[in-house]
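Enquirer: Using the working numbering, you'd call the opening residue of the sequence shown number 309 and step up by one each time.
All residues carry an ideal CB built from backbone N, CA and C; glycine is no exception.
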Amino acid sequence: MHTEEQQQRSLTREVEAVQIPSGEPIQLPALSKVHITQQLGGSYTVMTDYGLARIDGRDADALGSDIAAEQAAAQEAAAQKKAEPSGETPDEEAIWQQLRNVYDPEIPVNIVDLGLVYSMVVEETENSANKVVVQMTLTAPGCGMGPAIAEDAKSKILLVPGADEAEVNLVWEPAWDQSMISEEGRMILGLV
Numbered sequence: 309m310h311t312e313e314q315q316q317r318s319l320t321r322e323v324e325a326v327q328i329p330s331g332e333p334i335q336l337p338a339l340s341k342v343h344i345t346q347q348l349g350g351s352y353t354v355m356t357d358y359g360l361a362r363i364d365g366r367d368a369d370a371l372g373s374d375i376a377a378e379q380a381a382a383q384e385a386a387a388q389k390k391a392e393p394s395g396e397t398p399d400e401e402a403i404w405q406q407l408r409n410v411y412d413p414e415i416p417v418n419i420v421d422l423g424l425v426y427s428m429v430v431e432e433t434e435n436s437a438n439k440v441v442v443q444m445t446l447t448a449p450g451c452g453m454g455p456a457i458a459e460d461a462k463s464k465i466l467l468v469p470g471a472d473e474a475e476v477n478l479v480w481e482p483a484w485d486q487s488m489i490s491e492e493g494r495m496i497l498g499l500v
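(1) Check Pro511 in the structure and name its three-state DSSP category.
(2) For my contact list, Lys464 and Asn409 are in at a C-beta cut-off of 8 Å; report their separation, rounded to the angstrom.
(3) To the nearest angstrom, how far is the alpha carbon of Ala402 from that of Val468?
(4) Is it buried or exposed, Ala391, if we count other Cβ atoms within 10 angstroms and call 16 or more buried?
(5) From Thr320 to Asn438, what does the alpha carbon distance come to, in whole angstroms?
(6) Per DSSP, what kind of secondary structure is Glu431 in: helix, strand or coil?
(7) Is Pro449 helix, strand or coil by DSSP?
(8) Mind checking Ala471: buried by the 16 CB within 10 Å criterion, or exposed?
(9) Count Cβ pairs between the segment 353-369 and the segment 422-436 that sit closer than 8 Å; are there 3 or more?
(10) Can you name, in chain order, every residue of its own chain whose Cβ lies under 6 Å from the Cβ of Pro337, other than the five neighbours on each side?
(11) Are the Cβ atoms of Leu478 and Gly454 separated by less than 9 Å?
Right under this line is the structure:
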C-alpha cells in the first residue's frame, strides 16, 4: 500500500495516456504532476491537470523507479508463466483469473466481479490453435474506454499457456445493471 505522498508524482518523461472517460489518447508532458488514484491490473489511473487518465503498465517507469520495479517484476512473472509449454488446451480457470486482472479505470472492481463478462469459450481453430472468445459489455454504452478495456482483456488472456489467440467482443444485450455485480464486487464498492 502506498502512502498519500507516494501517490503524488511528477512524470519523469512524456507519456502517452488515455483520457477517461472519452478514451481519447493524450500526451502528458514530462514533469507533469499526477496523483495515482488506482493501481490495478497493471495499469494506472491518474488525476492530472487535464482530468483523469489511464497510463499503461509499459509506461510505469515514467511514474518513478519504485513503480517501474513493481511493474517489471509483474511482467517477468507473467512472461515466465507464458513461457511454459503451450501445446495443451488453456485452463479455463486460469483465463477467468486473468480476466480478474482487468479493471475499469474508474472503478476498483475487476470486470468479472463487475459482471461485465457475459461469456468465455475456448475454440479450436482450423490450424489447431486455441482461440479464446469473450463476450463482454461495459457499465455504459457510451463509455469511451471500451476499446482499451477490451484490449487489456485480450492481452491478459494471451498470457495463459495454450491461449494462442484471443477475441474480445463488446456486446450490449443484455444491458448491464448493478444486479450483475458479484457479492465480492458489492463489498468492495460498499453496496452490501
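Expert: So, from the listed chains and residues:
(1) No answer is possible for residue 511: the residues shown for the chain start at 309 and end at 500.
(2) If you number the sequence shown from 1, residue 464 lands on position 156. If you number the sequence shown from 1, residue 409 lands on position 101. Right, their Cβ atoms sit about 5 Å apart.
(3) Locating residue 402 in the sequence shown gives position 94, counting from the first residue. Locating residue 468 in the sequence shown gives position 160, counting from the first residue. Distance between the alpha carbons of Ala402 and Val468 is about 7 Å.
(4) Numbered from 1 along the sequence shown, position 83 holds the residue referred to as residue 391. The predicted position of Ala391 is uncertain, since its pLDDT is 45 and thus under 50; no value can be drawn from it.
(5) As a working mapping, residue 320 is identified with position 12 in the sequence shown. As a working mapping, residue 438 is identified with position 130 in the sequence shown. Going from the Cα of Thr320 to the Cα of Asn438 covers about 40 Å.
(6) Start at 1 with the first residue of the sequence shown, and residue 431 comes out as number 123. Strand at Glu431.
(7) Here residue 449 is taken as the residue at index 141 of the sequence shown, counted from 1. Here Pro449 sits in coil by DSSP.
(8) Locating residue 471 in the sequence shown gives position 163, counting from the first residue. By the 10 Å Cβ count, Ala471 comes out buried.
(9) no
(10) Reading the sequence shown from its first residue, position 29 is the one you call residue 337. Non-local beta-carbon contacts of Pro337 in its own chain, meaning distances under 6 Å to residues more than five positions away in sequence, involve Glu322 in chain order.
(11) Stepping through the sequence shown from its first residue, residue 478 is reached at position 170. Stepping through the sequence shown from its first residue, residue 454 is reached at position 146. Result yes, Cβ atoms of Leu478 and Gly454 sit closer than 9 Å.
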